[in-house]
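Heads up: the protein sequence lines correspond to chains W and F, in order.
64 is the number of the first residue of the first sequence in this note's numbering; add one for each residue after it.
64 is the number of the first residue of the second sequence in this note's numbering; add one for each residue after it.
Protein chains: 2
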Amino acid sequence: MARSDDDGRLQAFKAEFFKALAHPLRIRILELLVVDDRSVLEIQRALGAEQPIVSQQLAVLRAKHIVRATKEGTTVRYAVADPEIRALLSAARRIFNNQLVGTRSMLRELARERRR
Amino acid sequence: MARSDDDGRLQAFKAEFFKALAHPLRIRILELLVVDDRSVLEIQRALGAEQPIVSQQLAVLRAKHIVRATKEGTTVRYAVADPEIRALLSAARRIFNNQLVGTRSMLRELARERRR
DNA sequence: CTACAATATATGAATATTCATATCCATGTC
DNA sequence: GACATGGATATGAATATTCATATATTGTAG
Numbered sequence: 064m065a066r067s068d069d070d071g072r073l074q075a076f077k078a079e080f081f082k083a084l085a086h087p088l089r090i091r092i093l094e095l096l097v098v099d100d101r102s103v104l105e106i107q108r109a110l111g112a113e114q115p116i117v118s119q120q121l122a123v124l125r126a127k128h129i130v131r132a133t134k135e136g137t138t139v140r141y142a143v144a145d146p147e148i149r150a151l152l153s154a155a156r157r158i159f160n161n162q163l164v165g166t167r168s169m170l171r172e173l174a175r176e177r178r179r
Numbered sequence: 064m065a066r067s068d069d070d071g072r073l074q075a076f077k078a079e080f081f082k083a084l085a086h087p088l089r090i091r092i093l094e095l096l097v098v099d100d101r102s103v104l105e106i107q108r109a110l111g112a113e114q115p116i117v118s119q120q121l122a123v124l125r126a127k128h129i130v131r132a133t134k135e136g137t138t139v140r141y142a143v144a145d146p147e148i149r150a151l152l153s154a155a156r157r158i159f160n161n162q163l164v165g166t167r168s169m170l171r172e173l174a175r176e177r178r179r
């Protein structure tokens with residue numbers, strides 16, 4: 064059974080979406096925003112990250128419509144664009160929990176792996 | 064409130080997980096495997112992709128414990144490692160569904176996919 | 001208008017991913 | 001053994017991401 068062109072484009076689109084989540088800082092930002100709206104400055108401070116870095120990563124999330132920004136005077140507040148994001152992150156959390164059960168060594172191994 | 068080191072490592076771990084999903088071919092493979100186990104050859108044929116490419120991308124999914132492989136004689140069968148993967152992919156599908164309002168070909172494809 | 005504060009974007013070097021080609025490994029068959 | 005089949009891995013060129021630095025933009029205060 065032949066696959067249509069549209070199918071290919073859809074999977075590419077989904078991949079783009081997951082790619083937007085595939086970054087430690089962006090995950091941390093999202094886990095903040097899932098709890099509540101925040102300004103860029105608040106995010107910066109919560110994460111201890113530099114301003115341009117935070118703005119850059121927010122731009123990535125914005126580009127994929129995962130968060131939305133609203134200007135309030137001189138500051139900009141960010142919020143998750145779709146409540147389903149919460150469902151997705153908690154499905155992810157459940158997977159991590161299953162995977163990490165009993166395996167302390169896994170985190171250690173990951174850390175070691177990244178060091179190279 | 065200070066963030067613990069483990070927290071940072073956990074977010075990195077989650078990012079690694081999403082990174083594994085962030086590829087069109089890997090998404091397509093997963094959507095096959097969510098339905099049923101398959102051998103490498105079956106995946107190759109279903110996707111019309113070359114053998115080394117499929118093996119390479121399967122290796123990525125294996126490395127992140129998203130799929131598991133079992134040898135059966137001369138062939139290897141792959142399956143999703145955790146049933147929660149299904150939940151995650153459908154949360155993702157719901158998000159795409161919300162987002163894609165207005166882009167026509169993708170909506171058509173989503174509808175077709177949901178019917179299965 | 002000047003100056004400052006909050007945020008965004010441009011640039012580019014360092015780094016990581018992707019995918020094609022070639023090669024290897026394991027198992028089964030003759 | 002020789003050979004075929006199903007899979008995995010090594011290599012490297014092309015491409016994409018990341019993050020720091022520098023520079024813009026926009027809104028507000030004085």
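Think of the CB as a built atom: it goes at the ideal place given N, C-alpha and C, for glycine as much as any other residue.
This structure is a prediction, so every number in the text was calculated from the model and none was measured.
*Would you kindly check if the distance between the Cβ of W/L96 and the Cβ of W/A142 is under 8 Å?*
Taking 8 Å as the cut-off, the beta carbon of W/A142 is found closer than this to the beta carbon of W/L96.
_Less than 8 Å between the C-beta atoms of F/I158 and W/I148, yes or no?_
Contact flag set, yes.
*Between the CA atoms of W/A83 and W/R89 - distance to the nearest angstrom*: Those two C-alpha atoms are separated by around 8 Å.
*Could you check which residue in W/G136, W/V103 and W/L93 has the C-alpha nearest to that of W/L151?*
In terms of Cα proximity to W/L151, the closest of W/G136, W/V103 and W/L93 is W/L93.
*Residues near W/S102 by beta carbon distance below 7 Å, same chain, minus five either side*: Leaving aside the five residues that flank W/S102 on each side, the residues in its chain whose CB is nearer than 7 Å to its CB run, in chain order, T138, V139 and R140.
*asked:* Can you check whether the C-beta of F/E147 is within less than 8 Å of a C-beta belonging to chain W?
replied: True, the Cβ-Cβ gap to chain W drops below 8 Å.
*Do W/P115 and F/A78 come within 8 Å of each other at the CB atom, strictly closer than that value?*
Not in contact: F/A78 and W/P115 (Cβ atoms no closer than 8 Å).
*Going by C-alpha distance, which of W/D100, W/A122, W/R91 and W/L73 is nearest F/R72?*
Checking every option, the nearest Cα to that of F/R72 belongs to W/R91.
*asked:* Determine whether the beta carbon atoms of W/A154 and F/F80 lie at a separation below 8 Å.
replied: For W/A154 and F/F80, no; Cβs fall outside 8 Å.
_Per DSSP, cross-strand counterpart(s) of F/R140_ = Partner(s): F/S102 and F/T133.
_F/E176 versus F/F76: straight-line alpha-carbon distance, rounded_ = Straight-line Cα distance between these residues: approximately 30 Å.
*W/V98 to F/L110 span [Cα, whole Å]*: When rounded, the distance between both Cα atoms is 39 Å.
_Spatial distance of W/G165 from W/K134 (CA atoms)_ = Because the pLDDT at W/G165 is just 44, under 50, the model does not fix this residue reliably, and the value given afterwards should be weighed accordingly. Going from the Cα of W/G165 to the Cα of W/K134 covers about 45 Å.
_Would you say W/I90 lies against chain F (beta-carbon separation less than 8 Å)?_
Yes, contact with chain F.
*Excluding the five sequence neighbours on either side, which residues of its own chain have a C-beta within less than 6 Å of the C-beta of F/D100, listed in chain order?*
Contacts found: R140 and A142.
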